[in-house]
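Worksheet for the structure shown next.
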Amino acid sequence: MVEVEQLKMIDKQVMQWLDRVRRTLPSMIEDMDTQTKANRFDLVTNVDKAIEQSFEQMLTMHFPNHQLYGEEAHHNTEKLREGFTWVIDPIDGTANLVKQQDDFCLILALFHNGQPVLSYIDDFSRQKRFQAIKGQGVYLNDVPLSPPSERPLKESLISFNNKVLNDETMHDLLEVSFGYRLIGACGLDSAKVFTGQFGAHIHTNAKPWDIGAQFLFAEMLGLKMTNFHQEPIDFIHGGPFIISNAGCYDETLKILLQKGGYQKL
Ligand code: IPD
Ligand code: CA
Ligand code: CA
Numbered sequence: 185m186v187e188v189e190q191l192k193m194i195d196k197q198v199m200q201w202l203d204r205v206r207r208t209l210p211s212m213i214e215d216m217d218t219q220t221k222a223n224r225f226d227l228v229t230n231v232d233k234a235i236e237q238s239f240e241q242m243l244t245m246h247f248p249n250h251q252l253y254g255e256e257a258h259h260n261t262e263k264l265r266e267g268f269t270w271v272i273d274p275i276d277g278t279a280n281l282v283k284q285q286d287d288f289c290l291i292l293a294l295f296h297n298g299q300p301v302l303s304y305i306d307d308f309s310r311q312k313r314f315q316a317i318k319g320q321g322v323y324l325n326d327v328p329l330s331p332p333s334e335r336p337l338k339e340s341l342i343s344f345n346n347k348v349l350n351d352e353t354m355h356d357l358l359e360v361s362f363g364y365r366l367i368g369a370c371g372l373d374s375a376k377v378f379t380g381q382f383g384a385h386i387h388t389n390a391k392p393w394d395i396g397a398q399f400l401f402a403e404m405l406g407l408k409m410t411n412f413h414q415e416p417i418d419f420i421h422g423g424p425f426i427i428s429n430a431g432c433y434d435e436t437l438k439i440l441l442q443k444g445g446y447q448k449l
């Protein structure tokens, strides 16, 4: 068990580091250099890499015994359930960063013996920072964030990557829900569920860093976060993921699964 006072001390350092990232980001974006990874849609920039490196340096300086599990360079999974482990997606929504210079964020989470204890999603362009401290509270720009009220699917906007759902399932979800929106950054689509703006966000193949922060936000805001069979998700492996308002969770999953639902990427 980690004491809240210890978490608050770690949080203070992380908040200062996030402030520094925000200040330097505009000049980093000016010098942005983009490369492709697995295919032409899979992009990475020097900004993604520099932010992860900078976080590693901050850890080395202040918390040398903390482990790092990150999208760009830190893939060793051997001992991640022991002690303190950070999971980072330095830029979530890299395609949005490259194509729009908008709608991208940083996703960051601290686990202690496999349990989430600190979480952050920083929506850089809108200057919105979501922060969760286990045993203390959830905040949006330092203002406490309350759990969203429960809402049924017919009153909810939902978000999912349409490329990986079959046509019939997509049609059924559109028919029953209030409507569809997709930002295209898993962290920002999920944050819309934190605030009650979206009923649910679905990702059929989430990587651990796409969803690292969402565990603690879901726990502290009374949201559902599971795979499509209502089972817990392992923070080291990720996989099919839904984060949902409790009022539309069952119905969304029922529709998602009833006609063979989704194809794995
Ligand atoms: C991507 C975004 C996007 C999701 C992709 C992710 P990245 O993250 O979260 O919304 O659909 O599957 O890979 O690659 O920009 O960090
Ligand atoms: Ca991501
Ligand atoms: Ca990324």
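Per my numbering, residue 185 is the first one in the sequence shown, and the count goes up by one each step.
Idealized CB from N, CA, C, for every residue including glycine.
Here the structure is a predicted model, which means the values were calculated and not measured.
Residue span of the alpha helix (DSSP H) that contains residue i, given as start and end
i	result
I420	Segment: none, I420 is in no alpha helix (DSSP H) and carries neither H nor E.
Q284	278-284
H246	230-246
P392	392-395
Closer than 8 Å: residue i CB and nearest ligand 3 heavy atom
i	result
E255	yes
I275	yes
D232	yes
T353	no
T220	no
Beta-carbon proximity list for residue i, same chain, < 6 Å, skipping 5 on both sides
i	result
G371	D276, C289, I291, I305
H387	C370, F425
H385	S343, D373, S374, V377, I427
G298	R265
Those residues which DSSP pairs with residue i across a bridge
i	result
K408	S428
G321	I317
K312	D307
C370	None, per the DSSP bridge assignment.
G363	L341
V327	L324
W270	L252, L294
A402	In the DSSP output, where bridge partners are listed per residue, A402 has none listed.
T218	T229
I213	For I213, which the question treats as bridged, DSSP gives no partner whatsoever.
L349	Y446
L302	L294, I317
Closer than 8 Å: residue i CB and nearest ligand 1 heavy atom
i	result
I426	no
N411	no
N345	yes
K391	yes
H387	yes
A316	no
First and last residue of the uninterrupted beta strand (DSSP E) at residue i
i	result
S343	341-344
Y253	251-254
T436	Segment 433-442 is the alpha helix (DSSP H) holding T436; no beta strand (DSSP E) there.
Contact set for residue i: own chain, Cβ-Cβ below 8 Å, skip 5 residues either direction
i	result
E352	K443
K192	I317, Q320
V188	I317, K318, G319, Q320
T229	M216, D217, T218, Q219, I275, T278, L281, V282
T379	L324, L329, P332
H125	The requested residue 125 is not part of the displayed model; the chain covers only 185 to 449.
CB of residue i within 9 Å of CB of residue j, strictly
i	j	result
E240	H258	yes
T278	D215	no
F419	S303	no
L337	F314	no
beta-carbon residue i near ligand 2 non-hydrogen atom, thresh 8 Å
i	result
G371	yes
K283	no
I291	yes
D287	no
Own chain, CB closer than 7 Å to residue i, minus 5 neighbours either side, in chain order
i	result
L449	For L449, the pLDDT reaches just 47, beneath the cut-off of 50, and the residue's location in the model is therefore unreliable, leaving the point undetermined.
W393	G254, E255, V271, I272, D273, I291
M212	V231, A234
M404	A316, V322
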